[in-house]
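Asker: Here numbering that gives the first Met the number 0 is used: the first residue of the sequence shown is 0, the next is one more, and so on. Sharing a structure below in structure tokens format, with a few things to ask.
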Amino acid sequence: MIDIMNYKNPFAIRASERIETDERFLELFSVEPLSYLEDNHAKDSLWGTMTYILSSPGAGKTTLLRLFSPSVLQRVTAKSHNVIFKKLVKLGVKDIYEQIQKCGVYLLMGRDYEFLEDDELFGRREQRRYFLSLLNARIVLATLKTCMTLAGIKYTALQDIIYTPEEPVKQFGELKESYTGKELLDWATRQERKVCEFLDSFVVPADGIDGNDELFALDAMKAEWFSYNGKPLCDDFIFQIDDAHKLTERQKYIIRSEVAERRIHATLWIAERLETLSTEDILSDNNIQGRDYQVVKLEMLSQRLFNQMAKGVASMRSKVSYDGVDLFTYLSEISTENYNAAYNEASKRYFAQLEKLASYPNYETCIKAISQEDPYDRAMHARAMLIYASREDSAPRLFEYDYQEMMGILSKDYNDYAEELLPGEIGKLPQYYGQQTLIDLSSGNIEQFLSIASKMYEMLLSKKIMDTARYDLTPEDQDKIVSDYCKSHLEDIKQLKRGNRIYAFLMHLIEYCREQTFSPFYSYRTVSGFAVKEENTGQYGQDGFWFQDSANEELAVLLKDCMANNLLYKVPRTQGKKNQNWAVFYLNEWLCAYAHLPLRRGGWRKLSLYRLNQWAHSAK
């Protein structure tokens, strides 16, 4: 395991499980994602319920779960980690006296569960019973591990942990008023061993396998029933199932149905990737909500909170690096390069486009005046005037625009529009640089932020070795890193399931967004997404949701895959006199960077299902 203190690039350590010590984990933990839990807590829907924590890879599911582990909670005090402490008190996880009230019981799912659904080995009833047997055993083992940490003992002292349920638990065999932790350990390890031996040999043990018909452990493992030296350990457990995407669909259904049908009121958090959800669950905003469980989508953090989190992460990681270099401090936004030739070339192109307009005579005087400006202003004002003129194109008016009048018009909006367009349209200018751009490029995914930041930090340290006096990253340096990152990740898309189709679809979408964005009139600012009406009728739709029509099946699966892999993200919109519901799909910002589009959210176009289906079927 890597010790982050002795590692030169702290941004390269991303997975929480690779941050070795709890203290280091807390130093690098950012509290903003706790806002998801605070919202549910305010609605009285966080505790005693089942909550799904969903995201694409790298959004921080495991990191969030780790905060509630007993060893981490024990280190959080008002003195040592005040900000985190206050958040946990607000959630009822710790009290003002620093005592742990609620504590995580962590289970990491593995691929061994899926082997229990081998139809050739046994029937559905046995599959269910053996799955529940293994899951119950591991819940008990995970609970005992949490209890040991809370009590500060090793497994050799489990005899001193006493479990006293309200009624004897029949599944544990001998009906007793109380059990020691050692007795629970022996029961659970025996159950687990039998199932695992069977999976290894496909031979049922001589004494058989005690299958279970119920997910009883969630009910049985109540924190209030455990004590150590006569004292309770905590008030409540937070059962956490991580990497639930490694379970089969039927196994996940068994868990949901057991919790719902048996009305289990334990707190259960299930963390999984979006890729394992059904097409309808991902594409519809109405399908998941309102069921017997809550849903938290980690990438739906507000831009304001994500900005805070990214800045905090950058600061904390920089502080613990071996070199102590603050990344954001050295992201220069001032270029020393001369791009006059590129600006001059662009100006000529914009003036030539103006000449083709019917209203060109209206602007001749302005063009002569703008031609005398310095290269940058000339290019920017020429592009801004082209936008205005393209929108207002008509026959010549009685009097030409004079220069001052035109500058007043352009200053209202059009200059800003032009400044957005110039880097991507000219193509020779640095476009993506500065701390806010780095944050915007992350699309709300902290893993994506760390990936790009890591490359920048690496170059920063290399430059420091060469020149200790001046080693900031120029806009050109940053833009090159972003460009290389985008090209590399674009190739990775082809390795995904249905990767060629996803790649082809995205290329069509990128080309379309570029055509719309870099049109002469630039009517809706940057276009980086498309919208489809949720309910559709017609050739490629039937009454109901568009993705329920078999004609759109390939498109629906493709869009689901894009969202699950953080390539597209969806924002619901209501528009029109009839308050029609639209699903707007935006390109991830790194794909915008690949396309040299401005990083400005909001612009989208309505596209027909017919056209989208053509794109979806363009690659086999």
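Cβ atoms here follow ideal geometry from the backbone N, Cα and C, with glycine treated the same way.
#1: Out of W545, S441, N414 and L472, state which residue places its alpha-carbon closest to the alpha-carbon of N612.
#2: Inspect the beta-carbon positions of Y359 and P395 and report whether they are closer than 9 Å.
#3: Reducing DSSP to helix, strand and coil, say where A136 ends up.
#4: Sort L326, G122, E173 and N564 by Cα distance to L489 and report the nearest one.
#5: In its own chain, which residues sit with a C-beta less than 6 Å from the C-beta of Q170, not counting the 5 before and 5 after it?
#6: Give me the residue from E271, T163, D291 and Q239 with the minimum Cα distance to E223.
#7: Is the stretch 440-458 touching the stretch 386-406, taking contact as three or more C-beta pairs under 8 Å?
#8: Given a cut-off of 9 Å on the beta-carbon distance, is the pair L420 and P597 in contact?
#9: How far does the beta strand (DSSP E) with A270 in it extend, from its first residue to its last?
#10: When we look at the beta-carbon of G443 and count the other beta-carbons within 10 Å, is it buried (16 or more) or exposed?
#11: If you count every other CB in all the chains shown that lies within 10 Å of the CB of R377, and 16 or more means buried, which is it?
#12: Tell whether a beta-carbon distance below 9 Å holds between Y51 and V258.
#13: Please name the residue in K355, K532, L606 and L385 whose C-alpha comes closest to that of C365.
#14: Taking Cβ to Cβ, would you say L300 is nearer than 9 Å to Y112?
#15: Grab me the residues of W581's own chain with a C-beta within less than 8 Å of its C-beta, minus the 5 sequence neighbours each way, in chain order.
#16: For W46, does the three-state DSSP call read helix, strand or coil?
#17: Considering only their Cβ atoms, is the gap separating Q239 from V104 smaller than 9 Å?
#18: For K310, which of helix, strand or coil comes out of DSSP?
#19: Note the first and the last residue of the continuous alpha helix (DSSP H) segment covering I237.
#20: When the Cα of Y416 is compared with those of R382, K569 and W589, which residue comes out closest?
#21: Hey, quick one: how far does the alpha helix (DSSP H) through A555 stretch, first residue to last?
#22: Using 8 Å as the Cβ pair cut-off and three pairs as the minimum, do the stretch 176-183 and the stretch 137-147 touch?
#23: Write down the C-beta distance between V92 and F67 rounded to the nearest angstrom, noting that I regard them as a contact closer than 8 Å.
#24: Is it true that the CB of M506 sits closer than 9 Å to the CB of D476?
#25: Measuring only the C-alpha atoms, how far is D94 from D242?
#26: Can you tell which of L558, C485, R610 and I492 has its C-alpha closest to the C-alpha of A594?
#27: Please list the terminal residues of the continuous alpha helix (DSSP H) segment that includes T573.
#28: Okay, do the stretch 67-83 and the stretch 578-592 touch, 3+ Cβ pairs below 8 Å being the bar?
#29: Does the distance from the CB of L131 to the CB of I83 come in under 9 Å?
#30: Taking F448 as part of the alpha helix (DSSP H), name the residues at either end of that continuous run.
#31: Would you mind giving the Cβ-Cβ distance between W614 and L440, rounded to the nearest angstrom? I have them listed as a contact below 8 Å.
#32: Measuring CB atoms only, is the stretch 494-511 touching the stretch 548-562, in the sense that at least three cross pairs come out at less than 8 Å?
#33: Can you tell me where the alpha helix (DSSP H) with G407 in it begins and where it stops?
#34: With Y292 and R255 assumed to form a contact (beta carbons below 8 Å), what rounded beta-carbon distance in angstroms separates them?
#35: Our contact map puts E298 next to S54 with C-beta atoms below 8 Å; I'd like the distance itself, whole angstroms only.
#36: Does DSSP classify T179 as helix, strand or coil?
Answerer: Reading it off the structure:
#1: Looking at the Cα atoms, W545 is the closest of the given residues.
#2: Against a cut-off of 9 Å, the Cβ pair of P395 and Y359 comes out as a contact.
#3: A136 falls in the helix class under three-state DSSP.
#4: Of all alpha-carbon atoms in L326, G122, E173 and N564, the one lying nearest the alpha-carbon of L489 is that of N564.
#5: Listed in chain order, the non-local C-beta contacts of Q170 below 6 Å within the same chain comprise F215, local neighbours out to five positions each way being set aside.
#6: Restricting attention to E271, T163, D291 and Q239, the CA atom closest to the CA of E223 is found in T163.
#7: Because the criterion of three Cβ pairs below 8 Å is not met, the stretch 440-458 and the stretch 386-406 do not touch.
#8: Against a cut-off of 9 Å, the Cβ pair of P597 and L420 comes out as a contact.
#9: From DSSP, the beta strand (DSSP E) with A270 extends over T266 to R272.
#10: G443 is buried by the Cβ-count criterion.
#11: Counting Cβ neighbours within 10 Å, R377 comes out buried, since at least 16 surround it.
#12: In this structure, V258 does not lie closer than 9 Å to Y51 by Cβ.
#13: Of K355, K532, L606 and L385, the smallest CA-CA separation from C365 is found for L385.
#14: No.
#15: Short of 8 Å from the beta carbon of W581, and not among the five residues preceding or following it, lie these beta carbons of its own chain, in chain order: A530, V531, K532, E533, P571, R572, T573, Q574 and K605.
#16: If DSSP states are grouped into helix, strand and coil, W46 belongs with coil.
#17: Their beta carbons are under 9 Å apart, which means V104 touches Q239 by this criterion.
#18: In the structure shown, K310 sits in a helix (DSSP, three-state: H, G or I).
#19: Where I237 is concerned, there is no enclosing alpha helix (DSSP H), although the beta strand (DSSP E) it sits in stretches over D235 to D241.
#20: Nearest option by C-alpha distance: R382.
#21: Looking at the DSSP string, the run of the alpha helix (DSSP H) that includes A555 is E552 to A563.
#22: The stretch 176-183, when compared against the stretch 137-147, does touch it at the 8 Å Cβ threshold.
#23: Contact flag correct, Cβ pair sits at about 7 Å.
#24: The answer is no: Cβ separation not under 9 Å.
#25: Their Cα atoms are separated by approximately 30 Å.
#26: For the residues L558, C485, R610 and I492, the minimum Cα distance to A594 belongs to C485.
#27: Bounds of any alpha helix (DSSP H) do not take in T573; it lies within the beta strand (DSSP E) bounded by L567 to Q574.
#28: Taking a contact to require three or more Cβ pairs closer than 8 Å, the stretch 67-83 and the stretch 578-592 do not qualify as touching.
#29: In this structure, I83 does not lie closer than 9 Å to L131 by Cβ.
#30: Under the DSSP assignment, F448 falls in the alpha helix (DSSP H) whose first and last residues are I445 to M465.
#31: Actually they do not touch by this definition, with Cβ atoms about 25 Å apart.
#32: In short, these stretches touch, since the Cβ pair count reaches three.
#33: If you look at G407, you'll find it in the alpha helix (DSSP H) that goes Y402 to K411.
#34: Right, the Cβ-Cβ distance comes to about 7 Å (below 8 Å), so this counts as a contact.
#35: Indeed they touch by this definition, with Cβ atoms about 6 Å apart.
#36: T179: strand per DSSP, three-state reduction.
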